[in-house]
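Right, one structure below, let's go through it.
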Amino acid sequence: LPQPEYYSRMVDAISNQDAAGFQKESGESNKAPLIDLGRFSAWSDSLPFVWRPAVPQSVAGLDAIINYHEVEIEFALSSRGYARSPDIGQSSTDSTRVRRSARRALRNMQFRPFLVDGNWQRVENLRIRYLVPVY
Numbered sequence: 317l318p319q320p321e322y323y324s325r326m327v328d329a330i331s332n333q334d335a336a337g338f339q340k341e342s343g344e345s346n347k348a349p350l351i352d353l354g355r356f357s358a359w360s361d362s363l364p365f366v367w368r369p370a371v372p373q374s375v376a377g378l379d380a381i382i383n384y385h386e387v388e389i390e391f392a393l394s395s396r397g398y399a400r401s402p403d404i405g406q407s408s409t410d411s412t413r414v415r416r417s418a419r420r421a422l423r424n425m426q427f428r429p430f431l432v433d434g435n436w437q438r439v440e441n442l443r444i445r446y447l448v449p450v451y
């Protein structure tokens, strides 16, 4: 996922992940552990009617001027880095349009694939909380 800041030390990057909500929860006995990727906000072509403000000097300042709906999505990640089988969980709104837009936006995102022993692997049981600007 894109980050507004580059970290030269791994310790700093991990503490930023922890602050953003990234965590790995133990799963059920027959499922892989749930990997929570934290909150993510992004502009997407599947949200065409959203007002897009001018980007401030600091990316962190953008969240202060925009209101968001939060949609929790569980999904799998293909070996090529694409979201598969997105399933909407909790949402701060009952709007079908917002939930559908978040699902489409997630499908359009590409993640870095999971590499194990030199091979790209499918990853199950991921969760992200997608922030959709209020429009």
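So for the sequence shown, the numbering used here puts the first residue at 317; every next one is plus one. Cβ atoms here follow ideal geometry from the backbone N, Cα and C, with glycine treated the same way. As the structure is a prediction and not an experimental result, all values here were calculated from the model.
Which of helix, strand or coil DSSP assigns to residue i
i      : result
Arg413 : helix
Arg445 : strand
Val450 : coil
Arg355 : strand
Cβ-based neighbour list, residue i, same chain, cut-off 8 Å, excluding 5 preceding and 5 following
i      : result
Val439 : Ala348, Ile351, Ala392, Leu393 and Phe430
Phe356 : Leu317, Ile444, Arg445, Tyr446 and Leu447
Val450 : Ile382, Asn383, Tyr384 and His385
Val432 : none
CA-to-CA distance, residue j to residue i, given in whole angstroms
i      : j      : result
Val414 : His385 : 8 Å
Ala399 : Ser331 : 25 Å
Ser401 : Ser395 : 14 Å
Gly405 : Gly434 : 33 Å
Arg428 : Asn441 : 16 Å
Ile389 : Asp334 : 19 Å
Gly354 : Asp403 : 16 Å
Ser324 : Thr412 : 41 Å
Residue of the options minimising C-alpha distance to residue i
i      : options                           : result
Val387 : Arg443, Arg428 and Ser324         : Arg443
Gly397 : Arg419, Val432, Trp436 and Asp403 : Trp436
Span of the beta strand (DSSP E) around residue i
i      : result
Gln406 : Ala399 to Ser407
Gln437 : Asn435 to Gln437
Phe430 : Phe430 to Val432
Spatial neighbours of residue i in its chain, beta-carbon cut-off 7 Å, leaving aside the 5 residues before and after
i      : result
Ser408 : His385 and Glu386
Same chain, Cβ closer than 6 Å to residue i, neighbours up to 5 away in sequence not counted
i      : result
Pro328 : The sequence as given places Asp at residue 328; Pro does not occur at that position. For Asp328, where only same-chain residues beyond five positions count, there are no Cβ hits under 6 Å.
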